[in-house]
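Below is one structure, written out as structure tokens; comments come after it.
Numbering (the numbering used here), first residue to last: 1 to 370.
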């Protein structure tokens, strides 16, 4: 915000999401960089991938209505709606480059990958240009052209500590994604070993101080790896002699059962992305009535707010060409919410004291042309 003539926030250029660490390590941490988080979540985790696709495809299926401007304005949103919703969900920012035709009006929107875009501010902290970098190639997109028309649309979610960038859901879900993926890898390792625990070979000769020579140790190790290691040799009996005995290492049932751990992690992932766990195949009250309620809540609490944010954000920028433009969601085209709209229709039809035009406005339609 603006205080005493200056805007809070540094004028220096900084990346949208600092990549302070990459790669998952075994000391309880998880990736902090956006690229690594996307690989771990969207590319490697089925729960997170399905949640992102569900939100993006649902937003893309919305029908928008344009008033106060050309109906073609809604056609600018449809091709990039899924990309915009996915970028907002994961990164918290969506950048769109405006492509204009020969007459100077917008004819297309190009979705830019948000991790490649850096907001460059002026001396007062306001966006002056957008730096788009792909490898070594760098392109600067002006916030406004010589005529004062915007060149880039920047949609972002609320961030409590940043003036220029939004806050995505991916960082909040990174811990649950790491737990879910680690549990999957652990179960895979158990299957590779046929769910049989490993053990230790104990050399216990009768003479004190006797040890295996280097040649004996290497030979024993090679024979164990060749004949008894891996799932193909699971359960194969061993013949040991000469003071050598096998000491098995046991696994408790808790070590071999990660179902509850994975379920809790999956619920946290669903919570971070705003998708009811029931819609992602998680065990619970899986009945038709519960699924219908979960689907309705998903549209009300996640899809509609996301679609409204996109429509209002794009319309506010396109008003530089069409000052009266407004883009809204056609609520009557959403089948999942027909049950919520039915009481409103019944109320409007039963209100005899209202005129037809007033009933149309009550239902979200424009008045009839005179």
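All residues carry an ideal CB built from backbone N, CA and C; glycine is no exception.
- If you ignore the 5 residues before and after residue 176, its C-beta comes within less than 6 Å of the C-beta of 265, 268 and 269, all in its own chain and listed in chain order.
- Taking the Cα positions, residue 76 is about 10 Å away from residue 318.
- If you look at residue 94, you'll find it in the beta strand (DSSP E) that goes 93-100.
- Within the same chain, Cβ atoms closer than 8 Å to the Cβ of residue 45 are found at 177, 180, 181 and 269, the five residues on either side in sequence being excluded.
- Counting the other CB atoms within 10 Å of its CB gives residue 67 a total below 16, which places it among the exposed residues.
- Residue 48 sits away from residue 55, with the two beta carbons spaced by 8 Å or more.
- With contacts defined by Cβ atoms closer than 8 Å, residue 95 and residue 173 do not form a contacting pair.
- Shown here, residue 132 sits in a strand according to DSSP, grouped into three states.
- For residue 293, the closest alpha carbon among the candidates 339, 101 and 316 is that of 339.
- Here residue 93 is not near residue 151, since their CB atoms are 8 Å or more apart.
- Assigned with DSSP and collapsed to three states, residue 272 falls in helix.
- Less than 8 Å separates the beta-carbon of residue 299 from that of residue 336.
- Secondary structure at residue 106: strand, using DSSP grouped into helix, strand and coil.
- Leaving aside the five residues that flank residue 186 on each side, the residues in its chain whose CB is nearer than 7 Å to its CB run, in chain order, 258.
- Apart from sequence neighbours up to five positions away, the residues of its chain that approach residue 80 with a beta-carbon distance below 6 Å are 109 and 111, ordered along the chain.
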